[in-house]
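Line order of the protein sequences matches chains U and B.
Reminder that position 330 of the first sequence reads as 330 in my numbering, one-by-one numbering, no gaps.
Reminder that position 33 of the second sequence reads as 33 in my numbering, one-by-one numbering, no gaps.
Glycine residues also receive a C-beta, built at the ideal position from the N, C-alpha and C atoms.
Here the structure is laid out as C-alpha cells; the discussion comes afterwards.
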Amino acid sequence: MTKLLKYMKGNRIIAVLAPLFKMLEATLELIVPLIIAEIVDSGIIPKNKDYVIKLSIQLIILGAVGLIFSITAQYFAAKAAVSTVKKLRHAAYEKVTSLSFSGLDKAGTSTLITRLTSDMDSVQNGINLTLRILLRSPFVVLGACIMAFRVDRHTSLIFFIAVPVLSLIIFAVMAVTIPLYKKIRETVDKSLLLVRENITGVRVIRAFCSEEKAVEEFKENNDILTGIQLFTGRISALLNPMTCVIVNLAIAALIYTGAVRVNKGLLTTGAVIALYNYLSQILVELIKLANLIVTVTKSFACGKRINALLEMQDEENEAAPADDEKSNSYIEFKNVSFSYSGNSENSVSDISFTVNKGDRIGIIGSTGSGKTTLINLLCGYYRPTRGTVFFKGIPLQNYDEKELRNCFALAEQKAVIFKGTVKSNLLLGKKNASDEEIIKALEIAQAADFVNEKENGTDSITEQSGRNFSGGQRQRLSIARAVIKNAEVLILDDAFSALDYATEAQLKKELDKHCDATQFIVSQRAGSIVNCDKIIVLEDGLAEIGTHDELLKKSSVYKEIYCAQFEQEDVVNA
Amino acid sequence: MLKNNNSSFGKVLRYIGKYKYLLITSLILSASGVLLALYIPVLAGRAIDFIIGEGKVDFSRLTPVIIRIAVIAIASAVIQWIANTINNRIAFNTVRDLRNDAVKKVNILPVAYLDSRSSGDIVSRIIADADQISDGLIMGFSQLFSGIVTVVITYVLMLRISPKITPVVVILTPMSILIAKFIAKNTHNMFKLQSSERGTQTAFIDETVTNRKIISSYNGETDAIKTFDEINDRVAGYSLRAIFFSSITNPSTRFVNNTIYAAVAFMGALLAIGGSITVGGLTCFLSYAGQFAKPFNEISGVIAEFQNALACAERLFEIIEAEPEAPDKAGALELGRAEGNISISNVCFSYTKDRKLIEDLNLTAEKGTKIAIVGPTGCGKTTVINLLMRFYDVDSGSISVDLTDIRDIKLKSLRKNYGMVLQETWIKTGTVKENIAMGLPEVSFEQIKEAAVSAHAHSFIKKLPEGYDTVISEEYGLSQGQKQLICIARIMLLMPSILILDEATSSIDVRTELKIRAAFDRIVKGRTSFIVAHRLSTIKNSDIILVMNNGKIIEQGNHSELMAKHGFYEKLYNSRNY
Chain U
1 MTKLLKYMKG NRIIAVLAPL FKMLEATLEL IVPLIIAEIV DSGIIPKNKD
51 YVIKLSIQLI ILGAVGLIFS ITAQYFAAKA AVSTVKKLRH AAYEKVTSLS
101 FSGLDKAGTS TLITRLTSDM DSVQNGINLT LRILLRSPFV VLGACIMAFR
151 VDRHTSLIFF IAVPVLSLII FAVMAVTIPL YKKIRETVDK SLLLVRENIT
201 GVRVIRAFCS EEKAVEEFKE NNDILTGIQL FTGRISALLN PMTCVIVNLA
251 IAALIYTGAV RVNKGLLTTG AVIALYNYLS QILVELIKLA NLIVTVTKSF
301 ACGKRINALL EMQDEENEAA PADDEKSNSY IEFKNVSFSY SGNSENSVSD
351 ISFTVNKGDR IGIIGSTGSG KTTLINLLCG YYRPTRGTVF FKGIPLQNYD
401 EKELRNCFAL AEQKAVIFKG TVKSNLLLGK KNASDEEIIK ALEIAQAADF
451 VNEKENGTDS ITEQSGRNFS GGQRQRLSIA RAVIKNAEVL ILDDAFSALD
501 YATEAQLKKE LDKHCDATQF IVSQRAGSIV NCDKIIVLED GLAEIGTHDE
551 LLKKSSVYKE IYCAQFEQED VVNA
Chain B
1 MLKNNNSSFG KVLRYIGKYK YLLITSLILS ASGVLLALYI PVLAGRAIDF
51 IIGEGKVDFS RLTPVIIRIA VIAIASAVIQ WIANTINNRI AFNTVRDLRN
101 DAVKKVNILP VAYLDSRSSG DIVSRIIADA DQISDGLIMG FSQLFSGIVT
151 VVITYVLMLR ISPKITPVVV ILTPMSILIA KFIAKNTHNM FKLQSSERGT
201 QTAFIDETVT NRKIISSYNG ETDAIKTFDE INDRVAGYSL RAIFFSSITN
251 PSTRFVNNTI YAAVAFMGAL LAIGGSITVG GLTCFLSYAG QFAKPFNEIS
301 GVIAEFQNAL ACAERLFEII EAEPEAPDKA GALELGRAEG NISISNVCFS
351 YTKDRKLIED LNLTAEKGTK IAIVGPTGCG KTTVINLLMR FYDVDSGSIS
401 VDLTDIRDIK LKSLRKNYGM VLQETWIKTG TVKENIAMGL PEVSFEQIKE
451 AAVSAHAHSF IKKLPEGYDT VISEEYGLSQ GQKQLICIAR IMLLMPSILI
501 LDEATSSIDV RTELKIRAAF DRIVKGRTSF IVAHRLSTIK NSDIILVMNN
551 GKIIEQGNHS ELMAKHGFYE KLYNSRNY
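Dropping the structure here:
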C-alpha cells in the first residue's frame, strides 16, 4: 500500500490538509474535558452560575468551529481519495495495455478486470477512511495522553502504559486477520466459480448424471469457507472487548490513583474528572478505529493486489538484446522453436522457411498442431524460445513494437467486434479512413450486403462482442477491418471458417484483386490454400514446406488431409 | 413490496430457526453485556463522589467500588466476545445453508429456467446476495438489538440520576437522525449516478482487456486509454460528489451531540450548584448522554442495510423456491441398459407460446440406426436433442425409448443411456482426468487414457505441463477443438447405448475428425446415434437423414435417395450454403 502512495502526488497538499483539519477538530475536542474540569472546580464547587453559563457557551462554539473544520477535512479526504484512485486506475489500465501477451496470459484477464474495478473501489474507500478517521483516532489518543500528562504527570503514567498495550492488541489482531481475509476472498472466488460452472455446464452435468457430485463439491468448499470465516470472526471479535477491558481497568486505576492524589492535596476533583474523560475519549476513538480496521484491512489487501499488478515483471516487455544477424529474405523463420511458459514441450519446433514479398502462404494442420503459435511468432506477439524471425532482413525483436504492429493486419477465427458502430470498428483499422475506403473494404470482405441491409448502414450499432451479428458476419467485418488497415502483411487465421464456400471464394478473389499485401492464410480446409505460393503443413509442431504439388509428393500428412477432403467434399479446386 | 419483504424476512428467520438456541443465548448475552458495560460509568461516578477533597477521601468505601469496576469490566468483555462469536456462527452458518440449498436447487431446476436467465445474475444471487444477507440482516439485527438495549438501559439510568436533565437528551437526540436522513435523501441520486457510470467503466474494461490482442494488433492502445480516461474522469467526478456529500453526515450528527453535551453540562452544573445532583452523578450522566446518541446515529445505516439485505434475500429465495424439474412419476421405470429403439410420434414443441417451432415430428429408429439431422440454422435441430434428453418436455405427442414413453422412465436412468457431445463444449475446472471421467466415479487411469487415445486427445494432453493431472478450465487456453476432443473422450469412456453428437466435431480439423469418425464408427456399431452436423460430408453415410426446415421434417431417407429426389437436400448439398 505504501508503494501506492506515489499516486497521491499532486494531491499531496490535499492529502495533508485533510488530516490536518481533522486534527484541528480533534484538538478542539481535547479542550472539552478541560472546560468540564473548569466547570466543576471553578463553577460548581464555588457555586458560580455566571461562569457556568460562559463555559457552556464556549462548549457550543467549540462544537460549531469543529463542524466547519470537520466538513473541510471531509472534502479534502474525498478529493484526495478520488483523485488518487483515478490516477491509480489510469496507471493500472495503462499497465494492462502494455503487458506482453505472455504476461497477459500469465495474469489472466478475469483477475485483471477485478483489479481494475472492484479492487480500485475498495482502495478508494480505504484511502478516504484512512484520511478521515484512521489518522484522526491516533491523534486523539496521543493528544489525550499529552493533555493527561499536562494535567497530572504522575497519574498520566497509566495512559502511557494503557495506550501501547491497546496499540499492540490492535496490531496483533490486524496482523493475524489480514492474511485470513485474503484466504476468505480466494475461497469465495472458488465458490463463485463452482456455481457458475453448475449453470453453464447444466446440460453436461445432467447428461452425465453428475448433479450430486456437483452439489457435494460445492458443499465441501462452502464448509471450508464457513470454517475460515468462523475462525477469522473469532479473532476479529476479540478486538472490541479487549480494548474495552483495558480502558476500563485503566479507569479503575485512574480513579484510585486520583483519589490518593486528591487526598494528599496534589490534584483537584475536576482534574480527576478531566482525566477520566480523556480515557473515555480514547475508548470511543479506539472502538471507531477497531471497527474501521476491518474495512481498511480489506482495502489494504486489494491495494496489495493492485500493486502486484503494477509491479508485475514482464520479461518480454524488456528490450531484447539487439541482434546483428541479417537475412536476405522478406520474411524468414530461422530454426524457430517456441513453448508457452509453463509448458515443457515445444508448440512449434525448429521451423525454418522464407517468404518473398507479395507471396501467398498457406498454413494447414490439425487442431493443436501449432498454426496459431506460428502466427503469434510472426507478428512478434511472442518471442521465440529459440531461433530468430526476420522481417525485411532484420530480426523482429529489433523493431519498435508499434512500428511492427503497423506492418501486420490480422483477422482471426473468433472475430472480435467492439461495442460501437460498424464504422467505429473499421476505423480501428485506419483512423482517418474516408467513407469510400470503408465501403470499399466492406465490399472486398463481402460484408457490404448485410451492412447495407441494416437501417443505418455503416452507422449501425454493434453491441458488445458484436452479438447482434452472426458468426460469419463478424468474421467478414473483422476481415474488412484488417483490409482497411492496408498493412504490408495480411494474416487470415482461419478467418473463413464460418463462411460458405461461395462467399469464401468471392472474398479471396476480391482480396487478390485489390490487395497487394503478402498474405498468410491459416485454414483447416485444404481447398482454401491449394493455390498458395507456399504451403506450410504443421503436425505436432513440426513443419513441412512446399507447393501443393511438391507436398502431395513428399508429405504424407498433407496428402492425407487433401485426400480426406477431396474425397469427402468432392472438392476439385481446378 | 413491504409484504414481500416481510415474507422473505420470515423465510430468513426459518433458516435462522435452526440455530434458535444459539440466537436466544446470543440475545441474552448481548443484553447482559450491554448492561454490565453501562454499569461501569455508574460505578465510576459513585467512586468520584468519594473523592471530595484534600484529606477527605473515603478509601474504605472507594476501594470496593474500584474492585467492582475491574471485575465487571472483565466480565462484560468476556460476555461480549462470546456473544460476537455466537453471532458469527449464526450468520455464517445460515449463509452456508442458504447457499447449499440454492446450489442444490440449481442442479434440479429445469434447463429451461437456466436457459432463460443470465448465469451471471444467478451467480451473483447465490454469492453476493447471500453475503449481504449475513452482513445486513443478521449482523444488522444484532447491532439493532444491542442498540435498542443500550437506549433503554441508558434512558432508565439517566432517569435515576436526574429526571430533570433526561428530557433534554431524549428530545434533542432525534435531531441527529433527522439530519442524517435529510443528507441521505439528497445524496441518493449522486450514488445512483456513480454506480451507473461505474457500470459503464466496468463494461469498457471488460471489453478492452478481454480483447487486448486485437486492440494491440491495431495499435489501438492509445485510443483505448483515451476513452478510458474520459470515463475515468466522469467516474471520479460522480464519486467525489457522492462521497463528500454523504460524509457530511458524521460531522453534523457529531455537532448535534456536542450541543447536547454542552446543554447537559450546563443544566447539570446548575443543578449541582443547587445540590440536587452530585459531581460524580454529572460525570456519569455526561458519559451516558454520549452513549444514548450513538445507537441513534447507527440506526439509519443499519436500517438501510437491513432493507437492502431483505431485497437480496428476496432475490435469493426466488432461486431457492423456484419450481424444480418434475420429479419422476410414481412407478416410473428404471431403464437399465436400453436397447436403443427410439420412436418419436406426433411431437409438437415450442420454447415460447407465440412461436411454434416443432410441429408433428415423427421418426422411428431401430437399435443401431445412424440418424443424421440437417437443415439451416434455427430449423430445430438442437431442439430435437433437447427433447430426446428431456432437457425440455414435449408439448404434445410422445417420445419413447424401447417402447416406453420417456416421461414414464426415471430421468436419471434415461439420461445414463445417452452419451452427448455438444458444439458448445464445457470444461469443468479440474484435472484432465476428472474431466474425462465425468460420467463415472470409479474408473482406472488406464481406462481414461484409453478413452483419450481413441478420441485422439492423448497427443495434446500429454503435452500439457502436467499431462492428465493438469488443471484445466474454460479459460485455460485449450483451443475449441481440443475442448471438443476432451468432450468426445468422455463419451468414449462412457460407451452409452444412444449417442448424441450435436455439431460435435465442428471445431476439429478434417483430418482429426476423420480419425475420430473411425473411432465413432467402432462405438456406434450396434448403438443408436443422432448426429447434427454442419458439414454435410460428415453425415453422408447415415442410415436416415432427416432434413429439417422450420421445425418440420421435410425430407427423410439416405443420401442417395435424397439426392435422387432433387429436392431441398440436393440443393443444400450442392450449395453447402448455410
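Can you give me the start and stop residues for the beta strand (DSSP E) that residue 334 (chain U) sits inside? The sequence position of residue 334 (chain U) within the first sequence is 334, counting from 1. Counting along the chain, the beta strand (DSSP E) containing residue 334 (chain U) begins and ends at 331-338.
Quick one: Cα of residue 180 (chain B) to Cα of residue 295 (chain B), how far? Counting from 1 along the second sequence, the entry for residue 180 (chain B) is found at position 180. Counting from 1 along the second sequence, the entry for residue 295 (chain B) is found at position 295. Residue 180 (chain B) and residue 295 (chain B): Cα-Cα distance of roughly 13 Å.
Do the CB positions of residue 552 (chain B) and residue 344 (chain B) come within less than 9 Å of each other? Locating residue 552 (chain B) in the second sequence gives position 552, where the first residue counts as 1. Locating residue 344 (chain B) in the second sequence gives position 344, where the first residue counts as 1. Cβ distance not < 9 Å, so residue 552 (chain B) and residue 344 (chain B) don't count as in contact.
Sorted by chain position, which residues of the same chain lie with C-beta nearer than 6 Å to residue 447 (chain U)'s C-beta, five sequence neighbours on each side aside? On the first sequence, position 447 is the one that residue 447 (chain U) refers to. Hits under 6 Å: 476, 477, 480.
Is there a Cβ from chain U that is less than 9 Å from the Cβ of residue 560 (chain B)? Here residue 560 (chain B) corresponds to residue number 560 of the second sequence, with the count starting at 1. Answer no: the Cβ-Cβ gap between residue 560 (chain B) and chain U never drops below 9 Å.
I'd like to confirm the pairing. Which residues does DSSP put opposite residue 348 (chain B) in its beta bridges? For the purposes of this step, residue 348 (chain B) is taken as the residue at position 348 of the second sequence. In DSSP, residue 348 (chain B) forms a bridge with B:396.
Coarse secondary structure for residue 468 (chain B), derived from DSSP in three states: Against the second sequence, residue 468 (chain B) aligns to sequence position 468. Reduced to three states, the DSSP call for residue 468 (chain B) is helix.
Determine contact between the region 380-392 of chain U and the region 515-535 of chain B, defined as no fewer than three beta-carbon pairs at a distance below 8 Å. no
Find the nearest neighbour of residue 108 (chain B) within the set U:184, U:212, U:299, judged by alpha-carbon distance. Taking the second sequence and counting its residues from 1, the one referred to as residue 108 (chain B) is at position 108. For the residues U:184, U:212, U:299, the minimum Cα distance to residue 108 (chain B) belongs to U:212.
For residue 286 (chain B), decide whether its Cβ has a neighbour in chain U, counting only Cβ atoms nearer than 9 Å. Numbered from 1 along the second sequence, position 286 holds the residue referred to as residue 286 (chain B). It does; some Cβ of chain U falls within 9 Å.
Does residue 387 (chain B) get closer than 9 Å to chain U when you measure Cβ to Cβ? Working through the second sequence from its first residue, we reach residue 387 (chain B) at position 387. No, residue 387 (chain B) does not count as interfacial toward chain U.
Continuous alpha helix (DSSP H) assignments of at least 4 residues falling wholly in the region 403-448 of chain U: 422-427, 435-444
Listing by chain order, which chain U residues have their CB less than 7 Å from the CB of residue 251 (chain B)? Residue mapping note: residue 251 (chain B) aligns to position 251 of the second sequence, counting from 1. Those are 67, 70, 71, 74, listed as they occur along chain U.
Residue 561 (chain U) classed as buried or exposed, judged by whether at least 16 other C-beta atoms fall within 10 angstroms: Taking the first sequence and counting its residues from 1, the one referred to as residue 561 (chain U) is at position 561. So residue 561 (chain U) ends up on the buried side.
For residue 147 (chain B), return the contacting residues in chain U, with the cut-off set at a CB-CB distance below 7 Å. Along the second sequence, read from residue 1 onward, the residue named residue 147 (chain B) stands at position 147. By Cβ distance, chain U contributes nothing, its closest Cβ being about 14 Å from residue 147 (chain B), past 7 Å.
Ignoring anything shorter than 3 residues, give me the beta strand (DSSP E) runs that lie fully in the region 24-51 of chain B, in order along the chain. none
Rounded to a whole number of angstroms, what is the C-alpha to C-alpha distance between residue 129 (chain B) and residue 312 (chain B)? As a working mapping, residue 129 (chain B) is identified with position 129 in the second sequence. As a working mapping, residue 312 (chain B) is identified with position 312 in the second sequence. Answer to the nearest angstrom: the Cα atoms are 5 Å apart.
Measuring straight from C-alpha to C-alpha, what distance separates residue 278 (chain B) and residue 260 (chain U)? Here residue 278 (chain B) corresponds to residue number 278 of the second sequence, with the count starting at 1. Here residue 260 (chain U) corresponds to residue number 260 of the first sequence, with the count starting at 1. In a straight line, the C-alpha of residue 278 (chain B) is about 20 Å away from that of residue 260 (chain U).
Restricting to runs no shorter than 4 residues, where is the alpha helix (DSSP H) found entirely within the region 72-140 of chain U? 101-107, 109-116, 118-129
With a threshold of 16 other CB atoms inside 10 Å of the CB of residue 19 (chain U), please say whether the residue is buried or exposed. The residue you call residue 19 (chain U) lines up with position 19 of the first sequence. Buried, because 16 or more other Cβ atoms sit within 10 Å of the Cβ of residue 19 (chain U).
So, is the C-beta of residue 368 (chain B) closer than 9 Å to a C-beta in chain U? As a working mapping, residue 368 (chain B) is identified with position 368 in the second sequence. Taking Cβ atoms only, chain U never reaches closer than 9 Å to residue 368 (chain B), which makes this a no.
Return the CA-CA distance between residue 438 (chain B) and residue 345 (chain U), expressed in angstroms with no decimal places. By one-based count along the second sequence, residue 438 (chain B) stands at place 438. By one-based count along the first sequence, residue 345 (chain U) stands at place 345. Using only the alpha carbons, I get a separation of about 27 Å.
Suppose only complete runs of 3+ residues qualify. What are the beta strand (DSSP E) ranges in the region 226-257 of chain U, listed by chain order? none
Is the beta carbon of residue 490 (chain U) within less than 8 Å of some heavy atom of the ligand GTP? Looking at this structure, you won't find the ligand GTP or any other ligand, since it has none at all.
Quick one: list the residues of chain U neighbouring residue 279 (chain B), beta-carbon separation under 9 Å, in chain order. Position 279 of the second sequence, counting from 1, holds the residue named residue 279 (chain B). Ordered by position in chain U, the residues that pass the 9 Å Cβ test against residue 279 (chain B) are 40, 44, 45, 269, 270, 273.
Are the CB atoms of residue 73 (chain U) and residue 22 (chain U) within a distance shorter than 9 Å? The residue labelled residue 22 (chain U) in the question sits at position 22 within the first sequence. The residue labelled residue 73 (chain U) in the question sits at position 73 within the first sequence. Yes, they are a contact pair.
Please report whether the beta-carbon of residue 487 (chain B) lies at a distance below 9 Å from any beta-carbon of chain U. Translated into positions along the second sequence, residue 487 (chain B) becomes position 487. True, the Cβ-Cβ gap to chain U drops below 9 Å.
Per DSSP, which residues does residue 365 (chain B) bridge with? Please list them. In the second sequence, the residue the question calls residue 365 (chain B) occupies position 365. Answer is B:342, bridged to residue 365 (chain B).
Answer yes or no: does any C-beta atom of chain U fall closer than 9 Å to that of residue 54 (chain B)? In the second sequence, the residue the question calls residue 54 (chain B) occupies position 54. Yes, contact with chain U.
Quick one: is residue 449 (chain U) buried, meaning 16 or more other Cβ sit within 10 Å of its Cβ, or exposed? Here residue 449 (chain U) refers to the residue found at position 449 of the first sequence. Exposed, by the Cβ-count rule.
Interface residues of the region 395-421 of chain B facing chain U [CB-CB below 7 Å]: 412, 415, 416, 418, 420
Work out the CA separation of residue 443 (chain U) and residue 452 (chain U) for me, nearest whole Å. On the first sequence, residue 452 (chain U) is found 452 positions in, with the first residue counted as 1. On the first sequence, residue 443 (chain U) is found 443 positions in, with the first residue counted as 1. In a straight line, the C-alpha of residue 452 (chain U) is about 10 Å away from that of residue 443 (chain U).
Would you kindly report the start and end of the unbroken beta strand (DSSP E) that includes residue 555 (chain B)? As a working mapping, residue 555 (chain B) is identified with position 555 in the second sequence. That run of the beta strand (DSSP E) goes 552-557.
Would you say residue 173 (chain B) lies against chain U (beta-carbon separation less than 9 Å)? Taking the second sequence and counting its residues from 1, one reaches residue 173 (chain B) at position 173. It does not: the Cβ of residue 173 (chain B) has no partner Cβ on chain U nearer than 9 Å.
What does residue 119 (chain B) touch in chain U if you count any residue whose Cβ is under 8 Å from its own? Reading the second sequence from its first residue, position 119 is the one you call residue 119 (chain B). Chain U residues near residue 119 (chain B): 196, 199, 200.
Look up residue 165 (chain B) in the DSSP assignment and say whether it is helix, strand or coil. The residue you call residue 165 (chain B) lines up with position 165 of the second sequence. It is coil, neither helix nor strand.
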